[in-house]
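Asker: Can you keep this structure in mind? I'll have questions shortly.
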Amino acid sequence: KTCEDLMSVIDSAPEVNWDYDIKGLKPNLDYQPREEATASEFIKELYDQMLKIELKEDSDVFKYLLQKMELGVSRKKIIEALKENAEKELEAATKKEYDISQYLDKDDEGKRIAVVLPEGIGDVFISTSILEDLKNSYPDHNIYYITKPEFACVLEGNPFIHKTVPFNPLCDDVLYLEGYSGRPDRKDNKGYFEVAILLHVQNQRFLNYTRN
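Letter by letter, the sequence shown follows residues 6 to 217 in my numbering.
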């Protein structure tokens, strides 16, 4: 009976002609925030008007950026960092296939390390504690940190990171990053990194530490 009533309501609803135009959701990298805006207004306007992302004041990203501004990071530097991350994301989105090689230097082949952690801001921040030891263990290698563009601002200025790379689900696969050969189900791939550390697999993909 309930299903019949629900179907009756749906069938009696008027037809609609919605226009799913998402052009307005594309980032506007030419946007310039108001000079008189407060720090909170500045951050929210950047996300709302430039990045086209709704950012709530109780979010970790908002709190992080506000703290950065309170510590003296200039508005210009924040704009440049967010714009650079958005440009990387747009560039990746316009390509039919994700090509990680476009983000890698050409002269460090064979001396690259990938650290993969797609999200969130707390995990990314805490993960930076391992980078110094990692760099000391591989002093001749460049560390590439693979994360979603919206979290790359946390890594800005870190002396142990060579470059940040926008995350793609392909980077969940260590064989895509490190390479493989002789597999019957895949074409040989020489890989892009000597070592790939997927920090997110054991907590963001598969939970193996929960207890009753």
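Backbone N, C-alpha and C fix where the C-beta goes; we use that ideal spot for every residue, glycine too.
Please go through the same chain and pick out, in chain order, the residues whose beta-carbon is closer than 7 Å to the beta-carbon of Tyr197, but skip the five residues on each side of it.
Answerer: Excluding positions up to five away in sequence, the list reads Ile105, Ser106, Leu109, Arg117, Leu182.
Asker: Taking C-beta to C-beta, are Ser142 and Leu204 nearer than 7 Å?
Answerer: It is not a contact, given that the beta carbons lie outside the stated cut-off.
Asker: Does the beta-carbon of Leu180 have 16 or more other beta-carbons within 10 angstroms, so that it is buried, or is it exposed?
Answerer: Exposed, because fewer than 16 other Cβ atoms sit within 10 Å of the Cβ of Leu180.
Asker: Which value, in whole angstroms, describes the spacing of the CA atoms of Asp53 and Glu114?
Answerer: Rounded to the nearest angstrom, the two C-alpha atoms are 39 Å apart.
Asker: Measuring CB to CB, does Phe165 end up less than 7 Å from Glu199?
Answerer: The answer is no: Cβ separation not under 7 Å.
Asker: Who are Lys168's beta bridge partners in DSSP?
Answerer: According to DSSP, Lys168 bridges with Tyr149.
Asker: Ile15: buried (16+ other C-beta within 10 angstroms of its C-beta) or exposed?
Answerer: So Ile15 counts as exposed.
Asker: Can you check DSSP and say which residues form a bridge with Ala157?
Answerer: Per DSSP, none; premise fails for Ala157.
Asker: If I measure Cβ to Cβ from Gly127 and keep anything under 7 Å in the same chain, skipping five residues before and after, which residues do I get?
Answerer: If we look at Gly127 and ignore the five residues flanking it on each side, its Cβ neighbours are Asp65.
Asker: Less than 6 Å between C-beta atoms, sequence neighbours within five positions excluded: which residues of the same chain meet that for Lys88?
Answerer: Correct list, in chain order: Leu34.
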